[in-house]
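Note that this note's numbering numbers the sequence shown so that position 17 is 1015, with each residue one more than the last. Data first, discussion second: the structure below is written as structure tokens.
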Amino acid sequence: MRHLAFWLVLVSVLASACARPQGRTVPSPAPASGEVGSAAPVQSVGIDWAGGSGRLVVQEAELLVESADIRRAADAFQSLTRSFGGYVGVADIATGTESSEPNQAKLTLLVPADRFEEFLAVLKGSTDVLSVRSEVRRQNDVTDAVIDYAARRRSLERTEARLQQLLERATTIDDVLRVEQELTRVRTEIERIAAQQAELERRIAYAEVRVLVVPPTVTEVRSLGETAREAWRTSLFLLRMLLHGIVWTVILSWWLLAGAAVAAVVLVGLWRRRRALGRSASSG
């Protein structure tokens, strides 16, 4: 009993250590809401989970495009995705409050990674695209995560095998229950890592392209009447400013005239005084 309990604790510690994340991990994308297209089940792409010499990357792109017919463009992009062997993750077409016509479309398109560049070129060159306002591309190296998941899974599977051996050696009901409880925990962790591996494999196999389709930007062109009214309002504004300037000048001119008069009186007094001194000097 004590011997079995010791080994059970040891195996539990080892399993916990194996389950801890090591190195870089890749967060799974949050589930998106909206209309989901016909997504075919993702098949295995033959990733070497034991770790190979090649680097594994997750490719993503975000596009903001203008289209005169948003609904038609959204349908065309979804058809294009399927023709490339991909599938539609999200198709959310929003309509405005004042019209039944859509005012934007949000699409999440997943295409085979080896056709990522070709797909983007065809999409941007589509007749439904008037212009591409912005484009962002990302490439995330997930090789370390692939190796990490594989190592953790192998360690947990070895732990599972050891627990299975302990279960066969258990002689009491208490021992059996303890080992089965630990086996359940380890198997749950193996299933969780297997799900993470499957999701990461999908992200490597299929590049994700998020497209936002909006109406074209309308440049407002003023009519001749609007231009004339704007010119008239501007002329009235300038006239008011001119009148304000004249009023300020008239009011300030009184102070300027008073100052000029005082200066004139002082100058005349100095001139007369100097003249009187000159006469006195000449008569003496």
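Cβ coordinates follow ideal geometry from the N, Cα and C atoms, glycine included.
Please report the residue range of the alpha helix (DSSP H) in which residue i lies.
| i | result |
| --- | --- |
| Ala1111 | Here Ala1111 belongs to no alpha helix (DSSP H), and DSSP marks it neither H nor E. |
| Thr995 | The first residue shown for the chain is 999 and the last is 1282, placing residue 995 beyond what the model contains. |
| Ala1148 | 1141-1167 |
What separation, rounded to the nearest whole angstrom, lies between the Cα atoms of residue i and residue j?
| i | j | result |
| --- | --- | --- |
| Ser1065 | Asn1138 | 30 angstroms |
| Ala1074 | Val1207 | 15 angstroms |
| Ala1262 | Arg1271 | 14 angstroms |
| Thr1186 | Val1120 | 44 angstroms |
| Ile1249 | Ser1221 | 43 angstroms |
| Arg1290 | Ser1153 | This structure leaves residue 1290 out entirely; the chain is present only between 999 and 1282. |
| Ile1171 | Ile1188 | 25 angstroms |
| Glu1116 | Ala1071 | 18 angstroms |
| Ile1068 | Pro1214 | 10 angstroms |
| Leu1265 | Leu1275 | 16 angstroms |
| Phe1114 | Leu1165 | 50 angstroms |
| Leu1236 | Leu1255 | 28 angstroms |
| Ile1145 | Arg1135 | 25 angstroms |
| Glu1033 | Glu1158 | For Glu1033, the predicted structure reports a pLDDT of 42, less than 50, and the residue's modelled location is therefore unreliable. The matter cannot be settled from this model. |
| Arg1190 | Leu1078 | 34 angstroms |
| Trp1269 | Val1260 | 14 angstroms |
| Gly1243 | Gly1223 | 30 angstroms |
| Ala1092 | Gly1083 | 26 angstroms |
| Glu1058 | Gly1052 | 19 angstroms |
| Ser1081 | Arg1227 | 55 angstroms |
| Thr1247 | Leu1240 | 11 angstroms |
| Gln1102 | Ala1203 | 29 angstroms |
| Leu1175 | Thr1169 | 11 angstroms |
| Ala1148 | Arg1156 | 12 angstroms |
| Gln1201 | Glu1060 | One detail in the question is off: residue 1201 reads as Arg in this sequence, not Gln. Whole-angstrom Cα-Cα distance: 15 angstroms. |
| Val1130 | Ala1143 | 34 angstroms |
| Arg1273 | Gly1257 | 24 angstroms |
| Gln1194 | Val1055 | 16 angstroms |
| Arg984 | Leu1161 | In this structure the chain extends from 999 to 1282, so residue 984 is not present and cannot be described. |
| Ala1192 | Thr1141 | 16 angstroms |
| Pro1027 | Glu1099 | With a pLDDT of 40 at Pro1027, under the threshold of 50, the predicted position of this residue should be treated as unreliable, and no value is reported. |
| Glu1180 | Arg1150 | 17 angstroms |
| Arg1238 | Val1245 | 11 angstroms |
| Glu1133 | Val1212 | 14 angstroms |
| Leu1198 | Ala1205 | 11 angstroms |
| Ala1196 | Val1177 | 28 angstroms |
| Lys1104 | Thr1225 | 39 angstroms |
| Asp1112 | Leu1118 | 12 angstroms |
What residue range does the beta strand (DSSP E) around residue i cover?
| i | result |
| --- | --- |
| Leu1284 | No answer is possible for residue 1284: the residues shown for the chain start at 999 and end at 1282. |
| Thr1125 | Taken as a continuous stretch (DSSP letters only), Thr1125 belongs to no beta strand (DSSP E), as it is neither H nor E. |
| Gly1087 | 1085-1093 |
Per DSSP, which residues does residue i bridge with? Please list them.
| i | result |
| --- | --- |
| Glu1228 | DSSP lists no partner for Glu1228. |
| Leu1078 | None, per the DSSP bridge assignment. |
| Glu1206 | Glu1058, Leu1108 |
| Ala1103 | Ile1091, Val1211 |
| Ser1132 | Leu1062 |
Taking contact to mean at least 3 C-beta pairs separated by less than 8 angstroms, is the segment 1105-1122 in contact with the segment 1082-1092?
yes
Within 8 angstroms, do at least three Cβ pairs link the segment 1228-1246 to the segment 1114-1128?
no
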